[in-house]
Amino acid sequence: MKVLNELPDQIFCTDSEEFVFFDLDRNMITGQPLLNKPNIGLWTSTRYTDSPYISAWEKWCRETPYHCGEHHFLLHPKKDLKVFEPTDIADLQLQETDFLPFPHIDFGWYALQGYDGFHLDVQYKWMAKDGFMPFHCWDCESTVWFSYDWIDRVERIK
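Add 220 to the 1-based position in the sequence shown for my numbering, that's all there is to it.
Structure (structure tokens):
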């Protein structure tokens, strides 16, 4: 497990022409058992500086094909972040469910512990244990953020 204190610039893709701050309440964040993603959050992917794509998310969308959003925003993170990055399944805070054979990630726990976000590095996407693959629905390197407190500055780049 890693706790990241800094992250490079992030890309947020949307169909909105403006960066909209929607209601994001840490107390309302829960996990979605089948997807192993939080029910709410701001999703970003690290900005590429040496690629024809601007981020892993844009690359995945173009190659799939999946609608990426017409507009892209560059989000500059503040320093001194608290971002959780798992490196092993044992690192994960899990919840059991009565109706599924595998547990799911308790994203609400991370939000309430004061983490700014949860980052998945692509090298850990396919980690598995006894048939449990917690990130099977995560398409690429990405971070889900539990608040807007981490943002220093926003720029529209497309």
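Even for Gly, the Cβ is constructed at its ideal location relative to N, Cα and C.
Arg376: first and last residue of the uninterrupted alpha helix (DSSP H) it sits in:
Per DSSP, Arg376 lies in no alpha helix (DSSP H) segment; the continuous beta strand (DSSP E) that holds it begins and ends at 371 to 376.
Which runs of the alpha helix (DSSP H), 4 residues or longer, sit entirely within the stretch 316 to 377?
327 to 332
Determine whether the beta carbon atoms of Thr250 and Asn259 lie at a separation below 7 Å.
For Thr250 and Asn259, yes; Cβs fall inside 7 Å.
Check: alpha helix (DSSP H) containing Glu278: first to last residue?
Finding: It spans 276 to 283 - the alpha helix (DSSP H) in which Glu278 sits, taken as one unbroken run.
- Item | With 16 other Cβ atoms within 10 Å as the buried cut-off, status of Glu278 | buried
message: Any contact between the stretch 286 to 298 and the stretch 320 to 327? By contact I mean 3 or more CB pairs, one from each, below 8 Å.
response: no
- From Arg376 to Phe293, what does the alpha carbon distance come to, in whole angstroms? Arg376 and Phe293 have their C-alpha atoms roughly 4 Å apart.
- If you draw a straight line from the C-alpha of Arg246 to the C-alpha of Pro306, how long is it? Inter-residue distance for Arg246 and Pro306 is about 20 Å (C-alpha atoms, whole angstroms).
(Q) Do Ser362 and Ser236 have their beta-carbon atoms positioned less than 7 Å apart in this structure? (A) Not a contact, by the Cβ cut-off of 7 Å.
C-beta atoms of Gly337 and Val303 nearer than 7 Å
yes
Self-check item: Simplified DSSP assignment, three categories, for Ile309
Solution: helix
Using the Cβ count rule (16 or more neighbours within 10 Å means buried), how would you classify Cys357?
exposed
Query raised in the report: Beta carbon of Arg282, beta carbon of Ile231: below 7 Å?
Result: no
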